[in-house]
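Going by the working numbering, the sequence shown wraps up at 230, each residue one higher than the last. Report on the structure given below.
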Amino acid sequence: MSATKIEFAVQMTCDACVDAVKKSLENVSGVKNVDVDLKTGSVVVDSNLPIAEVQKKLESTGRKVVIKGQAGSLAAVCILEAGIQGVKGVVRFIQPLPEVCVVDGTIDGLKPGHHQISIHEYGDISKEYENVGDVYNPSSTKNGRIYGDVGTVMVSNNGRIDFRLEDEVIKISDIIGRSLVVTDKTEKPSKRIAAGIIARSAGLFQNPKTICACDGVTIWDETSKPKSTL
């Protein structure tokens, strides 16, 4: 599986903080390299693990952690904000190579069992799934696969899934502005339960922001606001 570089902002104040951050990822299977910059508070991790898993390791040091960017020619993110109450999630798309798109996500509030992840034609989620159109399929693809058919994930009994999929069909430039839909395959017939709009996101070192221009709140204060378990 392809490794990708993810940039985190980590609240660090001294060399001991740097040592703690490095130790949290030391000898972790799937972590290829860790670069820590105390001055900027930047931690860049080269890994093939789900982003949420790396973030948990960093947070185990007791420090606040925020995802700031991801390497690749293009990057995109989808926040699941429409659908059944209690289902929340973030799905990220990273294009480390022209022929590979990494789809990395964390979703909470799901029933145990199989769920389908798919990209749909339109990004209109004003009426949840009514206006998202069909699964996106602009032309024939490898082995006759529908373009937007990202894959199926298996949810455990805790209702949470951290997943990382590699796709050789999806190009991020094709999916910006479209929607991502989660379908519960345990229902008969299958039932759409969550959706969000796919938007372009910051690449590596493209997000220097530490204070939000809209409300003057620092990223560290933002992490202290009430939020979901993501």
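Each residue gets a CB set at the ideal place from its N, CA and C atoms; glycine is no exception.
Around the C-beta of residue 4, 16 or more other C-beta atoms lie within 10 Å, and the residue is accordingly described as buried. The Cβ-Cβ distance between residue 101 and residue 198 does not fall below 8 Å. Cβ-Cβ distances below 6 Å link residue 35 to 44 in the same chain, with the five nearest sequence neighbours on each side left out; the list follows chain order. One alpha carbon belongs to residue 59, the other to residue 23, and they sit about 12 Å apart. Collapsing the DSSP output to three states places residue 133 in coil. Inclusion of residue 33 and residue 2 in the CB contact set at 8 Å is not warranted, their separation being larger than that value. The continuous alpha helix (DSSP H) containing residue 52 extends over residues 51 to 59. Sorting 6, 46, 31, 57 by C-alpha distance to the C-alpha of residue 21 places 57 at the top. Straight through space, the alpha carbons of residue 52 and residue 155 are spaced by roughly 15 Å. The Cβ-Cβ distance between residue 181 and residue 103 does not fall below 8 Å.
Secondary structure note for residue 156: it is in no alpha helix (DSSP H), with a DSSP letter that is neither H nor E. Annotated three-state conformation of residue 17 is helix, per DSSP.
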